[in-house]
Structures are given as structure tokens and as C-alpha cells.
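The numbers in numbering that gives the first Met the number 0 rise by one with no breaks, and the one at position 31 of the sequence shown is 30.
Working notes for the structure below.
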Amino acid sequence: MAEYEMKDNTFSLFRNDKKEKENQPDYTGDIMVEGKKLRLSAWLKESKGGKKYINGSVSEPYTGGKSTKKQSEDF
């Protein structure tokens, strides 16, 4: 099977089957914008008036919890 290659200005979202807490997203995925891949997180919400909607955020790709910050060698 060929590997899927994202096209610019497209996204894919998948249900988060491992959700354990309310603050974790209901859906996660990726979006490609101007050749840069970013991470999407989305939550299913309901307004005070009872209207259902999707709320989301865009961030840098998930790196497995590894920090990309440099640590200072000066103590």
C-alpha cells in the first residue's frame, strides 16, 4: 500500500479513542498549510443555547513529549 502524502491546504481528523479526560481532544489530526504540517485538535461542544459545534486549535506537530528547548550548561 502506498504511503499517503498530504496535499497543501488539506487536513485529516481522527477520533481520539484514547481520550480519558475532558480537556483531551475528541479528534486529532494534521493539516498542511503552505507546505508546513501542523497538528489539529478538536473538541465537540454545545453552546448555552443547545447548538452543537466543533472547537479546535492548531499547534506545532507533537514530538512525543520531548522538549525542543535547549538547556543551559551554566549553573
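C-beta atoms are modelled at their ideal positions from N, C-alpha and C, and glycine is treated no differently.
Source: prediction; values computed, not measured.
Leaving aside the five residues that flank Y61 on each side, the residues in its chain whose CB is nearer than 6 angstroms to its CB run, in chain order, R38. If you draw a 10 Å sphere on the C-beta of T9, you find fewer than 16 other C-beta atoms in it, and that means exposed. Within its own chain, the residues whose Cβ lies closer than 8 angstroms to the Cβ of K6, once the five positions on either side in sequence are excluded, are M31, listed in chain order. Shown here, D29 sits in a strand according to DSSP, grouped into three states. Counting only residues of its own chain and dropping the five nearest sequence neighbours on each side, Y52 has a CB closer than 6 angstroms to the CB of K44.
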